[in-house]
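Chemist:
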Amino acid sequence: MSSSNNAKFITFEGIDGCGKSTQAKLLLEYMNKSGVETILVREPGGTNISESIREILLHSSSGQMGDRTESLLMTASRAQLTQEVIIPNMEQGKFVIADRYSDSTLAYQGGGRNLDIEWLNELNNYATFTLLPDITFFVDIQPEEALRRLDNNKDRIEGIGIEFQTRIRKTYHELAERFNDRYVILDGYGEKGDIHQKVLNEMRRRKFVS
Ligand code: TYD
Numbered sequence: 019m020s021s022s023n024n025a026k027f028i029t030f031e032g033i034d035g036c037g038k039s040t041q042a043k044l045l046l047e048y049m050n051k052s053g054v055e056t057i058l059v060r061e062p063g064g065t066n067i068s069e070s071i072r073e074i075l076l077h078s079s080s081g082q083m084g085d086r087t088e089s090l091l092m093t094a095s096r097a098q099l100t101q102e103v104i105i106p107n108m109e110q111g112k113f114v115i116a117d118r119y120s121d122s123t124l125a126y127q128g129g130g131r132n133l134d135i136e137w138l139n140e141l142n143n144y145a146t147f148t149l150l151p152d153i154t155f156f157v158d159i160q161p162e163e164a165l166r167r168l169d170n171n172k173d174r175i176e177g178i179g180i181e182f183q184t185r186i187r188k189t190y191h192e193l194a195e196r197f198n199d200r201y202v203i204l205d206g207y208g209e210k211g212d213i214h215q216k217v218l219n220e221m222r223r224r225k226f227v228s
């Protein structure tokens with residue numbers, strides 16, 4: 019997509035329970051207070067079709083879902099969200115914040131489920147029309163801490179366990195190295211206000227906000 023306007027695309031990533039959704043919301047509030055038109059989307063979900071896919075993905079009680087099925091549903095949800103919401107809003111000059119995006123598929127289905135990351139990367143390119151984030155904030159905590167923070171109400175994916183989350187976290191670190199032009203690692207153990215300030219500092223450093 020051509021960036022003939024000031025629209026930016028910011029994503030938040032991390033293992034389950036890391037606190038990224040809180041940070042995404044704090045950034046949304048800040049942007050709107052600053053008068054920058056901004057929307058927040060979450061994945062999987064964010065359109066009628068994508069929310070229906072989310073239901074199948076997270077609350078399906080119909081036995082085992084195959085790893086390839088999971089990958090295709092995650093990216094199908096993303097394709098609809100990108101086409102219906104993200105690209106049109108950016109074309110209108112709005113900032114878009116996403117609570118998870120393509121890197122979640124690389125980390126969870128690639129690192130977590132051991133599917134081929136390069137292949138998933140191609141699948142992501144197809145689903146997203148090759149749209150990439152301008153910044154990806156990776157909120158990093160240890161899986162032990164994350165699981166402590168999650169209540170007992172875990173969804174299908176959150177319930178898988180510590181080794182799964184450990185592989186996902188390792189993959190996020192690999193992605194942070196590979197895509198170091200857009201990745202920013204945030205220490206998820208800090209106070210939420212302090213982490214938010216680090217997010218804003220990075221946004222200012224890149225002149226995305228004043
Ligand atoms: P959600 O309740 O939204 O979790 P969180 O608040 O941690 O984002 O559930 C999303 C779950 O789906 C989460 O466990 C991560 C997983 N997921 C994938 O496995 N692959 C993906 O591509 C995406 C977007 C999410």
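Each residue of the sequence shown is one higher than the one before, starting from 19 at the first, in my numbering.
Every residue, glycine too, gets a C-beta built ideally from N, C-alpha and C.
Values in this document were obtained by computation on a predicted structure and should not be read as measured data.
Relative to the C-alpha of Asn50, which candidate in Leu76, Leu90, Ile115 has its C-alpha closest?
Modeler: Residue Ile115 is the option with its Cα nearest to Asn50.
Chemist: Looking only at C-alpha atoms, which of Leu58, Thr154, Asp212, Arg118 sits nearest to Lys112?
Modeler: The shortest C-alpha separation from Lys112 is found at Leu58.
Chemist: Say yes only if the C-beta of Leu76 is nearer than 7 angstroms to one or more non-hydrogen atoms of ligand 1, and no if none qualify.
Modeler: It does: the Cβ of Leu76 is within 7 angstroms (strictly closer) of some heavy atom of ligand 1.
Chemist: Kindly give me the distance between the Cβ atoms of Arg200 and Ile153, rounded to whole angstroms, as I take these residues to be in contact under 8 angstroms.
Modeler: So it is a contact: roughly 6 angstroms between Cβ atoms.
Chemist: Grouping DSSP H, G and I as helix and E and B as strand, with all else coil, what is Asp205?
Modeler: Three-state result, Asp205: strand.
Chemist: So, for Asn139: in the same chain, excluding its five sequence neighbours on each side, which residues have a beta-carbon less than 7 angstroms away from its beta-carbon?
Modeler: If we look at Asn139 and ignore the five residues flanking it on each side, its Cβ neighbours are Leu124.
Chemist: Please name the residue, chosen from Leu168, Ile180, Val157, that lies closest to Asp212 on a Cα-to-Cα basis.
Modeler: Considering only alpha carbons, the answer is Val157.
Chemist: For the beta strand (DSSP E) containing Arg60, name the first residue and the last one.
Modeler: Residues 56-60.
Chemist: Does the separation of the CB atoms of Ser230 and Ser95 fall below 8 angstroms?
Modeler: Here the chain has residues from 19 to 228 only, and residue 230 is not among them.
Chemist: Tell me which residues share the same chain as Arg131 and place their Cβ nearer than 6 angstroms to its Cβ, disregarding the 5 neighbours each side in the sequence.
Modeler: Here the set comprises Asp85.
Chemist: Give, in chain order, every unbroken run of the alpha helix (DSSP H) that is at least 4 residues long and sits entirely within the region 92-131.
Modeler: Whole alpha helix (DSSP H) segments, 4+ residues: 105-109.
Chemist: Relative to the C-alpha of Gly32, which candidate in Arg72, His191, Glu88 has its C-alpha closest?
Modeler: Gly32 has its Cα closest to that of His191, out of Arg72, His191, Glu88.
Chemist: In angstroms with no decimal places, state the Cα-to-Cα distance between Leu165 and Glu181.
Modeler: Their backbone Cα atoms lie some 11 angstroms apart in a straight line.
Chemist: What number of angstroms, rounded off, separates the C-alpha of Gly37 from the C-alpha of Asn23?
Modeler: Their backbone Cα atoms lie some 31 angstroms apart in a straight line.
Chemist: In whole angstroms, what separates the C-alpha of Leu204 from that of Glu220?
Modeler: One C-alpha to the other measures close to 11 angstroms.
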